[in-house]
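J.: Chains as they are written, first to last, in my numbering: chain A, 506 to 935; chain B, 506 to 935.
Quick reminder that beta carbons are idealized off the backbone N, C-alpha and C, glycines included.
This structure is a prediction, so every number in the text was calculated from the model and none was measured.
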């Protein structure tokens, strides 16, 4: 079955918004084992929309259309669908009543502008949208079924899950079972990984994919058919053995989520001290519900004065070793751990750039420390030639990987081919 | 001139990565006054690529192709281009020497896998890529010029700016001058804004666009031609007057960037205290180079114990009013300001969800406080029915807008139609 997607809207085409709906939809389809054949993006010009609908209606079996169902004059998807199908737009009584009720319950009169959202092509079947004022609908044009959805993600996603997926399943009938597994890696480049992996024979029915998404590269192992699914676990195990420390999660799409769940599972607590990461490390963890179970605090000691006042880093340490040094990072980690009375502490201090570098400590130099009750360690990494944001992102990932490895009983500091570490310090049971 | 874009790669089509290159490219073109007619996305199947190249080569004048130039076996753009053009792939001597030198300077042998990147279609002209191992190239197929670029953003963007844009200008010749201005709004929905704006007559040659991107909605005012450009300032002024407090920046695409520059311009300093935002507020500011000029620290007091230990919020205050209350937020702001000896302080404490809500304080209830040497104020906002991440994002935006308004000498707390505030407290000169 040939599935395509059409994204509409000047704001998507003109790059004013990143098309996260498209990414989410394609990913959802992949998880169902359905591959998208093509995605097309057009603006809000009626002639372009009609031409594209007609063109794709001759190639695809099923086309998800996203966007252009809003109340304003540049929302033209319903009209374009009607023209492409050669039918009239008609008012849907049920939806009109539904909208009027909705506004009435909120003590408001329905604005005239919303009446437009009650118009759908005469041959279309309405698809419910419990979250918003724009209904979805589906209709056939030439060989293809078109399924129209609103652009607002909170409306789009449930409509796909609750209505589009069942419709797709009906059209598709029986399909071979599929299974997608992912290995999250860190610290290795895509081509380094590929050069290792290529040595391992890939079982029949399994396809490999790489998704580089800073700071990670995700390896996707997709199995199609019973036989491939049966051979997948052994292949995954072999991959993991081959890649060693590069694999940082087999369960989650980020180091932060992996660490979040490991901390909760172990009932361990964590305090943070951040300089150049500026709260990003805390924020990455707080993104996940339940982080209050382990996260005590983060002291974002951005100014040097804050390192002294809040974290008792002595002026002598700052003077002798500098704000970006193993010694300062360790002092920050030790102090924040004591303040939070927590099992573990992480500290990050570095030069995110573009200013502030020196010859000895160029932009991208970051000191990262981990301590717990029995040991402490720190490393100075060199994240050269990276943007300010990427220096911060990579620093957080290194810190999280140090903690993850410690939590799993491994040596926290490991060599990453893509992140040179110039100084390393390890101390036990002090 | 008809400009299109083709994004390639299974990882883009399958939603494994969000196509930020496409968004960036389209936005750059819009800033040049060039509208994209269509964008197509395909995977890594050679037949699909060739078919798409041939199809679009008969419609467009210029097509930017992104991705598929890497060293691995699923990078097929060069081969597909050669097939579509009906020519052979040939090794580019200059690029081969360039790559060998590049690896040699790093003391490494060039992996055999990179040899593939020296092959380009016989009729193509190479386009330099100073950042990576994949060269760009351009060639004509049917009526269209194809311009091939690598997928890595750090390689793609300079190639567009340094090579594609000059090429486009040559092809395009003289075009009417254009000018794009933007108004950043906050706290109003897209349709509320549109319903206000529709009352104002739009001068000839000016087009309006809306870009909702949480927590903001950006209004784009695009002028094409001398006359429209001349009428743009008066129209913008009228829009600003009409929208009042909704407009939070006329210079920058985010409240954080607006506040960042205003703090620097005023030489003012800032300390933060964050609970549910979990470091996000600090991180939003630290994103911009130069934030060390004003940011003292952020105390991310995630646990209640941290609010007491680090911010001297008394157990009595927490007990009587709760961790999410005007009183706690004010106490946090006052303490963090004293600790940082800073001009201003912001504090955020709330319930990001999905757990932790009560009837009186449901999920999405957030207390936000601002204090300086002369006054303090706080408000309790209700961010109902929003995801955990959106509650945090919106809370940070409300805090930043309070500070922005105070810095500009306005009343910090304002009513946002889309963010009900249930309690407000203002105190001067205590």
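1. Would you mind reading off the limits of the alpha helix (DSSP H) that contains residue 976 of chain A?
2. Would residue 663 of chain B count as contacting chain A if we go by Cβ distances under 7 Å?
3. Hey, out of B:569, B:834, B:709, B:916, whose CA is closest to residue 665 of chain B's CA?
4. Can you find at least 3 beta carbon pairs, one from the stretch 833-848 of chain A and one from the stretch 866-885 of chain A, that sit closer than 8 Å?
5. Can you give me, in chain order, the residues of the stretch 569-580 of chain A that have a beta carbon less than 7 Å from any beta carbon in chain B?
6. Report the rounded CA-to-CA distance for residue 810 of chain A versus residue 841 of chain A, giving the unit in angstroms.
7. Which bits of chain B does residue 778 of chain A rub up against, with CB to CB less than 7 Å?
8. Alpha carbons only, please: which of B:889, B:821, B:650 is nearest the one belonging to residue 868 of chain B?
9. Quick one: Cα of residue 544 of chain A to Cα of residue 643 of chain A, how far?
10. For residue 552 of chain A, tell me which candidate among A:538, A:532, A:683, A:582 has the shortest Cα-Cα distance.
11. If distances are taken between C-alpha atoms only, which option among A:554, A:556, A:903, A:559 comes closest to residue 760 of chain A?
12. With distances taken between CB atoms, is the gap from residue 857 of chain A to residue 893 of chain A smaller than 7 Å?
13. Count Cβ pairs between the stretch 565-579 of chain B and the stretch 508-519 of chain B that sit closer than 8 Å; are there 3 or more?
14. Whose CA, out of B:742, B:631, B:749, lies closest to the CA of residue 669 of chain B?
15. Do you know whose CA, among B:919, B:766, B:798, B:781, lies nearest residue 897 of chain B's CA?
16. If you measure between the beta carbons of residue 592 of chain A and residue 649 of chain A, is that distance less than 7 Å?
17. For the beta strand (DSSP E) containing residue 777 of chain A, list its first residue and its last residue.
18. If the cut-off is 9 Å on Cβ atoms, which residues from the stretch 843-861 of chain A count as contacting chain B, listed in chain order?
19. According to a CB-to-CB cut-off of less than 9 Å, which residues of the stretch 527-549 of chain A neighbour chain B?
20. Can you list, in chain order, the residues of its chain whose CB lies under 6 Å from that of residue 935 of chain A, leaving out five sequence neighbours each side?
21. Measuring only the C-alpha atoms, how far is residue 514 of chain B from residue 658 of chain A?
22. Would you identify the three-state DSSP class for residue 935 of chain B, choosing helix, strand or coil?
23. So, with DSSP's three-state summary, where would you put residue 705 of chain A?
24. The stretch 910-929 of chain B: which residues have C-beta closer than 8 Å to a C-beta of chain A, in chain order?
25. Helix, strand or coil: which one does DSSP assign to residue 571 of chain B?
26. Comparing C-alpha positions only, which one of B:542, B:685, B:623 sits nearest to residue 730 of chain B?
27. Counting only Cβ pairs nearer than 8 Å, list the residues of chain A close to residue 615 of chain B.
28. Could you tell me which whole alpha helix (DSSP H) segments of length 4 or greater appear in the stretch 772-836 of chain A?
29. At a CB distance below 9 Å, what residues from the stretch 742-775 of chain A approach chain B? Give them in sequence order.
30. Touching or not, the stretch 762-770 of chain B and the stretch 767-778 of chain A, by the rule of three or more beta carbon pairs under 8 Å?
31. Entirely within the stretch 670-758 of chain A and at least 3 residues each: give me those beta strand (DSSP E) ranges in chain order.
32. By DSSP, does residue 547 of chain A sit in helix, in strand, or in coil?
33. When burial is assigned at 16 or more other CB atoms within 10 Å of the CB, is residue 915 of chain A buried or exposed?
34. Would you check if there are 3 or more beta carbon pairs closer than 8 Å linking the stretch 688-704 of chain B to the stretch 605-619 of chain B?
35. What are the complete alpha helix (DSSP H) segments, minimum 4 residues, inside the stretch 869-926 of chain A?
36. Please classify residue 877 of chain A as buried or exposed, where buried requires at least 16 neighbouring CB atoms within 10 angstroms.
T.: Walking through what the data contain:
1. Any property of residue 976 of chain A remains undetermined from this structure, which presents chain A solely from 506 to 935.
2. Counting from 1 along the second chain, the entry for residue 663 of chain B is found at position 158. Not one chain A Cβ lies under 7 Å of residue 663 of chain B.
3. Working through the second chain from its first residue, we reach residue 665 of chain B at position 160. When only C-alpha atoms are compared, the closest one is B:569.
4. yes
5. 576, 577
6. Counted from its first residue, the first chain places residue 810 of chain A at position 305. Counted from its first residue, the first chain places residue 841 of chain A at position 336. Residue 810 of chain A and residue 841 of chain A: Cα-Cα distance of roughly 15 Å.
7. In the first chain, residue 778 of chain A corresponds to position 273, counting from 1. None at all; the shortest Cβ gap to chain B is about 10 Å.
8. In the second chain, counting from the first residue as 1, residue 868 of chain B sits at position 363. Checked all of B:889, B:821, B:650; the closest Cα to residue 868 of chain B is B:889.
9. Translated into positions along the first chain, residue 544 of chain A becomes position 39. Translated into positions along the first chain, residue 643 of chain A becomes position 138. Each residue's alpha carbon lies about 18 Å from the other.
10. Counted from its first residue, the first chain places residue 552 of chain A at position 47. Of the listed residues, the one whose Cα sits closest to residue 552 of chain A is A:582.
11. Taking the first residue of the first chain as 1, we reach residue 760 of chain A at position 255. The option with the nearest alpha carbon to residue 760 of chain A is A:903.
12. Taking the first residue of the first chain as 1, we reach residue 857 of chain A at position 352. Taking the first residue of the first chain as 1, we reach residue 893 of chain A at position 388. Yes, these two residues count as a Cβ contact at 7 Å.
13. yes
14. Residue mapping note: residue 669 of chain B aligns to position 164 of the second chain, counting from 1. The residue with the shortest Cα to Cα distance from residue 669 of chain B is B:631.
15. Counting from 1 along the second chain, the entry for residue 897 of chain B is found at position 392. Nearest of B:919, B:766, B:798, B:781 to residue 897 of chain B, Cα basis: B:781.
16. For the purposes of this step, residue 592 of chain A is taken as the residue at position 87 of the first chain. For the purposes of this step, residue 649 of chain A is taken as the residue at position 144 of the first chain. No, the pair does not count as a contact, with Cβ atoms beyond the cut-off.
17. One-based indexing of the first chain puts residue 777 of chain A at position 272. Where residue 777 of chain A is concerned, the enclosing beta strand (DSSP E) stretches over 775-779.
18. 844, 845, 846, 857, 858, 859, 860, 861
19. 527, 528, 529, 530, 531, 532, 533, 534, 535, 540, 541, 542, 543, 544, 545, 546, 547, 548
20. Your numbering for residue 935 of chain A matches position 430 in the first chain. Since pLDDT at residue 935 of chain A reaches only 49, below the 50 mark, its modelled position is unreliable, and the value read off the structure follows with that caveat. Taken in chain order, the list of residues that qualify is empty.
21. Locating residue 514 of chain B in the second chain gives position 9, where the first residue counts as 1. Locating residue 658 of chain A in the first chain gives position 153, where the first residue counts as 1. Near 24 Å, if we compare the C-alpha coordinates of residue 658 of chain A and residue 514 of chain B.
22. The residue you call residue 935 of chain B lines up with position 430 of the second chain. Annotation note: pLDDT 49 at residue 935 of chain B (below 50); position unreliable, coordinate value reported separately. Coil at residue 935 of chain B, not helix or strand.
23. Along the first chain, one-based indexing puts residue 705 of chain A at 200. It is coil, neither helix nor strand.
24. none
25. The sequence position of residue 571 of chain B within the second chain is 66, counting from 1. In the structure shown, residue 571 of chain B sits in a strand (DSSP, three-state: E or B).
26. To locate residue 730 of chain B, count along the second chain from 1; it is residue 225. Measuring from the Cα of residue 730 of chain B, the nearest candidate turns out to be B:685.
27. Residue numbering aside, residue 615 of chain B sits at position 110 when the second chain is read from its first letter. By Cβ distance, chain A contributes nothing, its closest Cβ being about 12 Å from residue 615 of chain B, past 8 Å.
28. 785-791, 809-816, 820-826
29. 774
30. no
31. 683-691, 711-718, 721-729, 752-754
32. Position 42 of the first chain, counting from 1, holds the residue named residue 547 of chain A. Here residue 547 of chain A sits in strand by DSSP.
33. Translated into the one-based positions of the first chain, residue 915 of chain A becomes position 410. With fewer than 16 Cβ atoms within 10 Å of its Cβ, residue 915 of chain A is classed as exposed.
34. no
35. 893-912
36. Here residue 877 of chain A corresponds to residue number 372 of the first chain, with the count starting at 1. So residue 877 of chain A ends up on the buried side.
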